[in-house]
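Comments concern the structure below.
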Amino acid sequence: SSILSNVLPAPEDPVLSVIFACRDDPCPVKLNLSVGAYQTEEGKPLVLEVVRKAEQQLANDLYCDKGYLPIDGLADFNKFSAKLILGDDSHAVKENRVVTIQCLSGTGSLRVGAEFLAKHHQQRVIFVPNPTWGNHPFIFTLAGLSVEYFRYYDPHTRGLDFEGMLEDLGAAPSGALVVLQACAHNPTGIDPTLEQWEQIRQIVRSKGLLPFFDNAYQGFASGNLDSDAQSVRMFVSDGGECLIAQSFAKNMGLYGERIGALTIVCTSEDVARKVKSQLLLVVRPMYLTPPIHGASIVTTILKNSDMYKDWTIELKGMADRIISMRQQLHEAIQARGTPGDWSHIIKQRGMFSFTGLNEKQVRMMAKEYHIYMTYDGRISMAGVSSKTVPQLADAIHAAVT
Ligand code: PLP
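The numbering used here numbers the first residue of the sequence shown as 1 and each following residue consecutively.
In structure tokens, the structure reads:
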């Protein structure tokens, strides 16, 4: 007799079904635009030169061991990660009221933050944008929080529903948690302007909401690490509290290394000390301590000013290629006289474009043009190249005419 034979199969992940459909398509010019990982103009994954260099250095370092890290990870990694998002002269850091712990990339940082909040915050409601990254609701629900949505995307303008967003945040119960994507919003590619961020900040603070920033794409939206951190820094400079989940998957291309950090900005050093002690209790029964390799790579790069500079150049190269793909795609669509306004393709930022194509059109493009994207019409701009722009523009034209 089997106990496990009673296990029911899990419902199929809609993203995986797109990936499988593409994998099984024998067409040689098929194009997978569903995955959120950077690719070169040649359609290849990219390991940054500076990462290779850091790994060389680590391999040659006789004192570099494979021992356990502390529960909160590599101390220098935490220090430099906090500096990266909060800025060189952050008051919060100087006042010792910032806690940073190394976690398993962005996802792990979100999960540890959520577990901590579920245990220590009375108000369990967490508001996420509609739509948001598909994993957010799972992460927060499993941690014991109750997920609700605030309006974010306006399908009519293919832009931000700013009025709706302010209205929903304004109606949220006091103390509620709010997930804000720091930049390069997934899946829409739509970020608030700085003026809009300031209004969001005012609502969040006046209603006593607790912001939880998801910072998975710092540097990927504008190509500049500081510009992409402005939303977060605006909230930190008002002296209030916030949480930040940080990932080095995209901006250092360290996807599989699972390296990221959770930062909690507190109101005093005393609060920070207590918060840190509780974070250690969240981590210990989950995975004891985080992995060492990715943390060593990131720390090597962040600590060395030459390597840091090399990194910013390579990062800007990735962001610029994506921006250039947006322009090329927009021009190609215009050149075909495709009906409708497609300016959202160049207005949106970061890895993804929310095209506005519906599920029927997405399925048609897969069947007839061998182009695969998620059913919400989201394409990864990082999967497009100058060579594939015409194929994509032809498919979009055919889908809407
Ligand atoms: N947050 C957002 C908005 C994302 O798009 C992703 C990945 O796609 C993540 C977090 C988590 O990425 P990782 O766990 O690889 O850092």
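Backbone N, C-alpha and C define an ideal beta-carbon position, used for all residues, glycine too.
Check                                                                                                                     : Outcome
G67 vs P290 beta-carbon contact at 8 angstroms                                                                            : no
In DSSP terms, what E314 is bridged to                                                                                    : According to DSSP, which records beta bridges pairwise, E314 is partnered with nothing at all.
Opening and closing residue of the beta strand (DSSP E) in which A114 lies                                                : Careful: A114 lies outside any beta strand (DSSP E), inside the alpha helix (DSSP H) at 105-120.
Inter-stretch contact (C-beta, 8 angstroms, three-pair minimum) for the stretch 319-339 and the stretch 148-167           : no
Distance between I71 and L280 (C-alpha atoms, nearest Å)                                                                  : 6 angstroms
Contact shell at 5 angstroms, judged by CB to any heavy atom of the ligand PLP, ordered along the chain                   : G36, S105, G106, T107, W133, N186, D214, A216, S247, A249
Spatial neighbours of C27 in its chain, beta-carbon cut-off 8 angstroms, leaving aside the 5 residues before and after    : H370
Three CB pairs or more closer than 8 angstroms across the stretch 220-236 and the stretch 174-194                         : yes
Residue of V204, D191, P9 minimising C-alpha distance to A229                                                             : D191
Option nearest L16 by Cα separation, candidates A398, T401, G208, Y372                                                    : Y372
Alpha carbon of L166 to alpha carbon of E55, nearest angstrom                                                             : 45 angstroms
Span separating the alpha-carbon of Q348 from that of Q328                                                                : 14 angstroms
Where the beta strand (DSSP E) containing E148 begins and where it ends                                                   : 146-151
Sub-8 angstroms separation of L177 and F127 beta-carbons                                                                  : yes
Any 3 or more C-beta pairs closer than 8 angstroms across the stretch 235-249 and the stretch 262-271                     : yes
For N130, the nearest candidate out of S231, G256, L169, L104 (CA to CA)                                                  : L169
At least three beta-carbon pairs within less than 8 angstroms, the stretch 381-393 to the stretch 30-48                   : yes
Exposure label - F248; buried when at least 16 CB within 10 Å                                                             : buried
Pair within 8 angstroms by beta-carbon distance, R273 and L104                                                            : no
Closest residue to L69 among V283, S1, E314 (Cα-Cα distance)                                                              : V283
Nonlocal neighbours in the same chain, by C-beta distance under 8 angstroms from F354, ignoring five residues either side : Y153, R158, P187, T188, G189, I190, H344, Q348, D376, G377, R378
Option nearest N78 by Cα separation, candidates A59, V93, D89                                                             : V93
Every unbroken alpha helix (DSSP H) within the stretch 292-350, with a cutoff of 4 residues, ordered by chain             : 293-303, 305-335, 344-347
At least 3 beta-carbon pairs within less than 8 angstroms: the stretch 296-304 vs the stretch 132-145                     : no
A172 beta carbon less than 8 angstroms from that of L209                                                                  : yes
Test item: CB-CB of V18 and T312 under 8 angstroms                                                                        : no
Spatial distance of F116 from C266 (CA atoms)                                                                             : 14 angstroms
Opening and closing residue of the beta strand (DSSP E) in which F352 lies                                                : 352-354
I71 (DSSP reduced to helix, strand or coil)                                                                               : coil
N- and C-terminal bounds of the alpha helix (DSSP H) containing P285                                                      : 269-287
Among H156, K250, V236, A37, the one whose alpha carbon lies nearest that of G340                                         : H156
Interface flag, F352 vs chain C, CB-CB below 8 angstroms                                                                  : Among the chains in the structure shown there is no chain C, since it carries only a single protein chain.
Three-state class that DSSP yields for T141 in the structure shown                                                        : helix
Distance, V236 Cα to E95 Cα                                                                                               : 12 angstroms
Sub-8 angstroms separation of M351 and A395 beta-carbons                                                                  : no
G108, buried or exposed, once every other Cβ within 10 Å from all chains shown has been counted against 16                : buried
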